[in-house]
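Residue numbers (this note's numbering), protein chains in the order written: chain A, 27 to 368; chain B, 80 to 567.
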Amino acid sequence: MASAAQSRIKSISYAKYGYMFIAPFFLVYCFFQIWPLIYTFILSFKGNQANNAQFVGLDNYSQILFGTGSSEGASAVHEEFARALGNTFVLWFGNFIPQILLSLLLAVWFTDAKVKLPGKGFFKIVMYMPNIITAASVAALYVNLFGDSKYYFVNATLMKLGMITDPVEFVAGPTASKVMVMFIQTWLWFGNTMIMLMSGIMGISPSLFEAADIDGANSTQQFFNITLPLLQPIMVYTLVTSMIGGLQMFDLPYLYHNGANFSKQLETVAVYIYYNFNKGTVDQANYGYAGAASIVIFAITAILGSITFYMNRDKDAIAKKKQRKKAEKQMKAKMKQGGLSI
Amino acid sequence: MSKLTRTLALLASIAVVSSAFVACGGGNETTSSSAAPAAENSSSAAPAEEGGDSSAAPAEEGGDSSAAEEGGNEEGGAEAGGELEAGAVNLPDTDDTLTIVCWTDADLANMFDVYANHSDANVVYQNCGDNGADAAVKYATYLNSGDDVDLFVAEAGWILNYINDNSMSAPLSDLGITTADYADAYQYTVEIGTDNDGVLKAASWQAAAGGYAYNTALAEEYLGVTSAEDMQAKISDWAGFEATAAELKEKSEGKVTMAATIGGLWQAFSTAKNAAWVDGTAIQTDVAKEFTDMVKGYVDNGYVNPKVEQWTTDWTNVGLQGETLGYFYSTWCLGEGAQLEQHGGTDGNWNIVVGPQEFFWGGSWLCVSPNCNTASEASKFVKAFTTDASIMEEYALYSGDFTNNKVAMDKIVADGSNSNPLLGGQDQFAVLSDVAAGIKMSDSITKYDQNLKDTFLDVLKKNIDSSTDDIISAFTTQALADNPDLTA
């Protein structure tokens, strides 16, 4: 039997100290994170330029999504947003697919016990290196290497070698600049993805590979039947983070340009948001469009994220869970009938 | 919990909280101008004639400033301090520090150096970013923050947003300064400084007049032109400019273009077109159409290379490699280390002429904050740099800036006290004063103009191979998407 004092002590809660310690963070979080998030929603229902205090309902959404609405330029607004959204997806696919293929290949090579690559550590470091350079430096580097005229290194070299007669517009050209941005993004991020996938592969029990070896499975069979299925959780993680990053892609598309203004042909949704939000002084900026575009990209991210999770859910576990529930139900039904069937 | 753990936890949470605030402050530099102990002087309420006994801060500039010093002495008598007079102010006079918000700190540092010879007031500046475009946005935040601000510097591109907003700017008449004080100023600066209701809200210390700077060696080789006068005679209008471009192309076998960039042509062409960009809410495209027709002809004939853009390495290279005859430059391109020097004008074989059209490019204006609380000092400062011919002359010679005062500039030109080694000793002020006097402004400038002009140039450069109609419609589309306030 516990004494009165003991039971009193039991009821002392240290939780309030915990709350006190986390309170500062949550206060700051509410002020600087939650409120801006909510305010973005509010802004998306308000007007643009001189009307930025006026409530306009869904006007901004109908303008950017369907090209109908109060302003005369509604269809142009829609076109620009649609172009930005298209660019976002093109740039994301164009860098994600080569990136994941390259990283997967390298990760498998680096972790394969049979392929004894010399200097593994060196390669890992070198391949991860680009990721630690800021996008600003990378953009400056590439703009200066791949400039549009004959004065820049790559064009000058290609022309000297006689491979081209006129300089290629790597920066201003509509297609070439997109390809360049995809390439740079891939170059920046494949090292990071590779490290991620390697940790996933190393988490797979080596005995599985050994067993497969003994059973005579070749590398391809091992890859498709052991590595890939067991790598799924890491793949989902990579896919989701890359998708969120890709839909928010801002730095390189914004920075990769000649002269003073960003390139319209590389305008992603994030650039669109920034441009409209930051265009001149308060009564020149389009807060409504920027807010609506943010919400739309948020919704797209949420939907795509859910789809990815749904497609990659563990089907075996779900099937097992169902089975167990079914068994439990049957058990319960039997209990109700009373008596045990022996 | 042990004391150590608790302390660590507390430190960690403080770190988290404080890191959240890190981004909020900072970024602004404050620089004080006056070397003399200023607080004692300026705390006295009497607006004028204060601190007359304080000795002048020694002028640091070289020999050429002596002329300016004399000019100052003729009028004032006193060597320094107390010679400035404030107007009849209509704003409070409670503070003793004159705070100027700017992004052009290099300009202001020069101004403060000059000002220290004439006043020992305590003047400081707050720098918001390092370029005009950033400042446009940062100012709004700063002005709303409640921090001390008496005057602020606005750029040509977005000044209208500020002077047409009474919560951001006060009329200059509150400092006892009226349009009548600007009889000697270049008229276009006054027109830009006047808001939609006809109230004078801003005054400029500089006239950012521009001209056509050209490589004299190339001009002599291909055009046989040996003097700036001959050059000006050849390109005194756009027809002459085009004819010269054709001649240049033929003689140089297409190696040398007449103008470096479409952007430069546009700078010259767009400034003085006496047509509105926005009528009511309707976007006007007449000037855009005219320019598109002209430039498409230039590009087709190879008078300008459409691939070269301003502010890029190419911009520099076409000058260095002698692939262009000249550039359209503003006054601020002609100083030491500025564009002219970067683009190859190092051995003095460049000259500047008025060119086909008088234009200005950029420029900064002083505006009064409604929260100004050092009205007398602010009044003195604005008057000194925008109306006082002798101080403006001194400033022009000290900084190389083209000041906004005809008397001062005419005097420098007449005295021959300025010569630019980058231009082979030519006095750029002589040319630019002709330009500044000839600039005509449109009657209806709007706050949308800058964005529309930029958008147009961008669309034009991207679609230079399309037809004029397509370019104009692409421009209208983009302009409408950017500005829901406007109509086609």
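Backbone N, C-alpha and C define an ideal beta-carbon position, used for all residues, glycine too.
B:V193 and B:Y474 look like a contact to me (Cβ under 8 Å); what is the Cβ gap, rounded to whole Å?
5 Å
Quick test of your reading: B:L297 and B:G401, contact by CB under 8 Å. State the CB separation rounded to the nearest angstrom.
6 Å
Segment limits, beta strand (DSSP E) that includes B:W390
That residue, B:W390, is in no beta strand (DSSP E); it is neither H nor E in DSSP.
Please state if the CB of A:T294 and the CB of A:M275 are separated by a distance shorter than 7 Å.
yes
With 16 other Cβ atoms within 10 Å as the buried cut-off, status of A:F148:
exposed
Distance check for B:D564 and A:N74, CA to CA, integer angstroms please.
8 Å
If you follow the alpha helix (DSSP H) that B:F320 is in, where does it begin and where does it stop?
317-330
Is there contact between the stretch 44-62 of chain A and the stretch 74-88 of chain A, where contact requires at least three CB pairs shorter than 8 Å?
no
Tell me A:K72's beta-bridge partners as DSSP assigns them.
A:F81
Length of the line joining the Cα atoms of B:D568 and B:D379
Past the edges of chain B, shown from 80 to 567, lies residue 568 of chain B, and the structure says nothing about it.
Secondary structure of B:V335, DSSP reduced to three states:
coil
Taking Cβ positions only, does A:L91 come closer than 7 Å to chain B?
no
Does chain B have any CB closer than 7 Å to the CB of A:A76?
yes
Give the straight-line distance between the Cα atoms of A:T219 and B:A354, rounded to the nearest whole angstrom.
56 Å
For B:F554 and B:T360, believed in contact at Cβ under 8 Å, the rounded distance
That belief does not hold up - the Cβ atoms of B:T360 and B:F554 are roughly 16 Å apart, past 8 Å.
Is the distance from the Cβ of B:C446 to the Cβ of B:A195 below 7 Å?
no
Name, going along the chain, the residues of the stretch 145-177 of chain A whose beta-carbon falls closer than 8 Å to a beta-carbon of chain B.
N170, G173, D174, S175, Y177
Please confirm whether B:N275 has its beta-carbon closer than 7 Å to some beta-carbon of chain A.
no
Relative to the alpha-carbon of B:I238, which residue among B:N562, B:K526, B:S498, B:L559 has its alpha-carbon at the smallest distance?
B:K526
Along chain A, in chain order, which residues have C-beta atoms closer than 9 Å to that of B:K526?
G306, T307, D309, Q310
Let me know the secondary structure DSSP gives B:C446 once reduced to three states.
strand
Quick one, which residues of the stretch 349-366 of chain A are near chain B if we go by CB-CB under 9 Å, in chain order?
none
Is the beta carbon of A:M224 less than 7 Å from the beta carbon of A:A102?
no
Compare the C-alpha of B:S546 against each of B:E234, B:T176, B:K368, B:A264 and name the closest.
B:K368
With DSSP as the reference, identify every bridge partner of B:G405, one or two as the case may be.
B:Y293, B:A338
Can you say whether A:L111 is buried or exposed, counting buried as having 16 or more other CB atoms within 10 angstroms of its CB?
buried
Would you report the Cα separation of B:A157 and B:S198, rounded to the nearest angstrom?
A caution first: B:A157 carries a pLDDT of 38, below 50, which makes its placement in the model unreliable, though a value can still be read off. So the two alpha carbons sit approximately 11 Å from each other.
Give the straight-line distance between the Cα atoms of B:G105 and B:N240, rounded to the nearest whole angstrom.
In this predicted model, B:G105 has a pLDDT of only 42, less than 50, meaning its place in the structure is not dependable enough to derive any value.
Could you name the residues of the same chain whose beta carbon sits closer than 8 Å to that of A:Y282, not counting the 5 residues immediately before and after it, in chain order?
A165, Y168, V169, V197, S203, M206, V207, I210, S289, L292
Looking only at its own chain, which residues have a Cβ that is under 6 Å from the Cβ of A:S88, when we skip the five neighbours before and after it?
T94, G95
Range covered by the alpha helix (DSSP H) that runs through A:W135:
100-137
Own chain partners of B:N107 with C-beta closer than 7 Å, once the 5 adjacent residues on each side are dropped:
Since pLDDT at B:N107 reaches only 45, below the 50 mark, its modelled position is unreliable, and no value is offered.
Let me know the secondary structure DSSP gives B:Y204 once reduced to three states.
strand
Go through its chain and collect everything with a Cβ distance to B:V335's Cβ below 8 Å, but skip five positions before and after it.
L297, Y301, L327, K328, G401, E402, T403, L404
Measure the C-alpha to C-alpha separation of B:A259 and B:F370 and round it to an integer number of angstroms.
36 Å
Below 9 Å between beta carbons is the criterion; list the residues of the stretch 290-303 of chain A that meet it against any residue of chain B, in chain order.
K290, Q291, Y301, N302
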